[in-house]
Structure formats: C-alpha cells, structure tokens
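Residue numbers (the numbering used here), protein chains in the order written: chain X, 790 to 1017; chain U, 100 to 200.
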C-alpha cells in the first residue's frame, strides 16, 4: 500500500495524460465511424458525454450504421462494456468510505484507464483517493470530449498505414505490467491472455469477461495451498 | 431511433459501472473475495491486449512487428515503470521491425 501523494487531484490528472496518447487515434477512428454511419455529427458526438466509453460508442454506432435494430445494437454495445461490472465490484471496497455524491460521479468516469490507475496506485486515504480518481477521470473525460469532436469534424486525419492504433495494445501491456506487482498477478495475466485467445471468436468480445473470471478462479485455486 | 439507442446505451453502461459500487456499499468483503479482486486489473488488461490483436473471427492479427513491439513495451514497463517510455519502446520496435521486413 502506498501513501497518499501530495496534491492527489493534480497527480491523478498528470497520471492520466500519457494514458490518453493511444486514445487519440481512437478518437479519429470514432469520427470515421460516425461519418460512415451517416448520422448527424452532433448526434454521433453526443454519445461521448452520454456513454463515455470508446469501444462501447464505436460498437453501437457501427451497428446502427449497418442497419441493426436498436435492441441488437444496444445489447451488443453493452456486452462489449460488460467488463465495467468487474471494475464496479473491484472498486466497491474503496468506495465504501466515500460520500454518496462521489459514488454517483465516480461511476460516470469509471473507464479502463481510470480503473487501472486506481489499482496501480492504491491510495488508502479516502479523501486523497477521491481526488486522485476524479483528477484522472475528468482529465480523461475532457480530452475525450475535445478529441472525439475533432475526430467527428476532421475524420480520418491520421494515415492508417502509420499503424498508430497499435499504441492501444502497447499501452495496455504497459498497464498490465504496472498492475502485476507480484509474480502470481503476472501469472494470472498470462492465463487471461491464453483464455482470451481461445475464446476470441465469441461475439462482441464476450471472451474478455469469461477469461478474467476463469483466470481469477484458477489463481485462487492455485494459491489456496500457500495461504492456508 | 439513434438518439434512443445512444441514451439506452448510456443508461446501461452507467448502470454497469455504478451497480456494484452501490449494491456492495455496506458489504463486508471476505478475505477470499478481496484476494480475488486483486487479480482483476492485470487480467482485464491482459484480456484487452489479446482481444485488440485478434479478429472477430478469432484469428490472431499480429505478426513479428507486433509481438516484438509488445515484448519490448513489457520490458520497458517492467524496468522503468514509465508508460511513455513503454509506448516509445513498443511503437519504435513495431515501426522499426515493420520497416525492415
């Protein structure tokens, strides 16, 4: 457990900044999706504040653009975002000694990057935790609002042959290493990679959720003997 | 209809994020559960990496540039703990190997 940083809101904001770099090309991919879906730009962009989740927004608008029904598009998008329920469970203990308003607001900015930052930097002090979480969350939120608007207006501003989308898996590998501060956590990550690959053909990336639950169970069984 | 779909997805994704935070607000987590939760962050990141590198049909969409890029990024992250350096190492390797082969 680390001690609380000085000025936690600023720390959270600064920690979020580099994590936004891979989200930048994704904001332009989002702009292309809105254009191809043939919907008004403002309406496409409105999904940024209303949904606030890149992969969920892209899935929804892609399917709408392909002419899927509302029920089909919404349920596919929600399955893509199902891992957020795991974040909700994982953060529940840290949200227990927090005021009610923070539960409402914190849940709104609970995305992959904010979740993993809060797990890498485990802050015990409730006030510092809250400020750090909100600093990181709303820095990411503000940048996502600005750059998805730019993406919608400018469209494909980054040549696809540069391969900048690869920055996303690179960042998540880096976050995976930062979140694996023990050997057993790294082993869990390795198991999750294998299971995700085996389940990669499941629709709407449902394999992510199954892989996480499966590897957590395997690790609990594997480490049971050592802890008793 | 599009606006309805966006609003429904917004409500649904907010509900998924908020649900357990509220539902477990007074729950006394047993030690086993707390131990399980420690594995969520590394495993979700791992699962996301693989899902980004596979096609919807389940085929691996990664060649030598991608694999070496990720290995270098993981090494840089492990030794420096700095995400920007890991990004530079990963993207640099990816572009370099991609240019050579």
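For every residue, glycine included, the Cβ atom is placed at its ideal position computed from N, Cα and C.
How is residue i classed by DSSP in three states: helix, strand or coil?
| i | result |
| --- | --- |
| residue 159 of chain U | strand |
| residue 790 of chain X | Residue confidence is low: residue 790 of chain X scores 48 on pLDDT, short of 50, so the model does not pin down where it sits. Its coordinate-derived value is still stated next. The answer is coil: DSSP assigns residue 790 of chain X none of H, G, I, E or B. |
| residue 947 of chain X | coil |
| residue 153 of chain U | strand |
| residue 187 of chain U | helix |
| residue 912 of chain X | strand |
| residue 958 of chain X | helix |
Since I believe residue j is in contact with residue i (beta carbons under 8 Å), could you give me their beta-carbon distance rounded to a whole number of angstroms?
| i | j | result |
| --- | --- | --- |
| residue 823 of chain X | residue 833 of chain X | 3 Å |
| residue 912 of chain X | residue 968 of chain X | Not a contact, Cβ separation roughly 15 Å. |
| residue 1054 of chain X | residue 852 of chain X | Nothing about residue 1054 of chain X can be read from this structure; chain X reaches only from 790 to 1017. |
| residue 952 of chain X | residue 820 of chain X | Rounded, the Cβ-Cβ distance is 18 Å, inconsistent with contact. |
| residue 928 of chain X | residue 837 of chain X | Actually they do not touch by this definition, with Cβ atoms about 15 Å apart. |
| residue 150 of chain U | residue 840 of chain X | The pair is not a contact, with the Cβ atoms about 19 Å apart (cut-off 8 Å). |
Assign residue i to buried or exposed, taking buried as 16 or more other Cβ atoms, counted over all protein chains shown, within 10 Å of its Cβ.
| i | result |
| --- | --- |
| residue 133 of chain U | exposed |
| residue 144 of chain U | buried |
| residue 990 of chain X | exposed |
| residue 956 of chain X | buried |
| residue 160 of chain U | exposed |
| residue 855 of chain X | exposed |
| residue 1010 of chain X | exposed |
| residue 850 of chain X | buried |
| residue 800 of chain X | buried |
| residue 907 of chain X | buried |
| residue 860 of chain X | exposed |
| residue 811 of chain X | buried |
Compute the Euclidean distance between the alpha carbons of residue i and residue j, then round it to the nearest angstrom.
| i | j | result |
| --- | --- | --- |
| residue 930 of chain X | residue 127 of chain U | 32 Å |
| residue 935 of chain X | residue 120 of chain U | 28 Å |
| residue 982 of chain X | residue 869 of chain X | 17 Å |
| residue 1001 of chain X | residue 182 of chain U | 23 Å |
| residue 814 of chain X | residue 146 of chain U | 21 Å |
| residue 193 of chain U | residue 1012 of chain X | 36 Å |
| residue 885 of chain X | residue 915 of chain X | 9 Å |
| residue 984 of chain X | residue 108 of chain U | 28 Å |
| residue 179 of chain U | residue 970 of chain X | 13 Å |
| residue 807 of chain X | residue 960 of chain X | 9 Å |
**Request:** Would you be able to state if there are at least three C-beta pairs under 8 Å between the segment 972 to 984 of chain X and the segment 993 to 1013 of chain X?
**Result:** By the C-beta criterion, the segment 993 to 1013 of chain X is judged to be in contact with the segment 972 to 984 of chain X, since at least 3 inter-stretch pairs fall below 8 Å.
**Prompt:** Three or more C-beta pairs closer than 8 Å, one from the segment 919 to 939 of chain X and one from the segment 886 to 902 of chain X: is that the case here?
**Reply:** Flag = yes, the segment 919 to 939 of chain X and the segment 886 to 902 of chain X touch.
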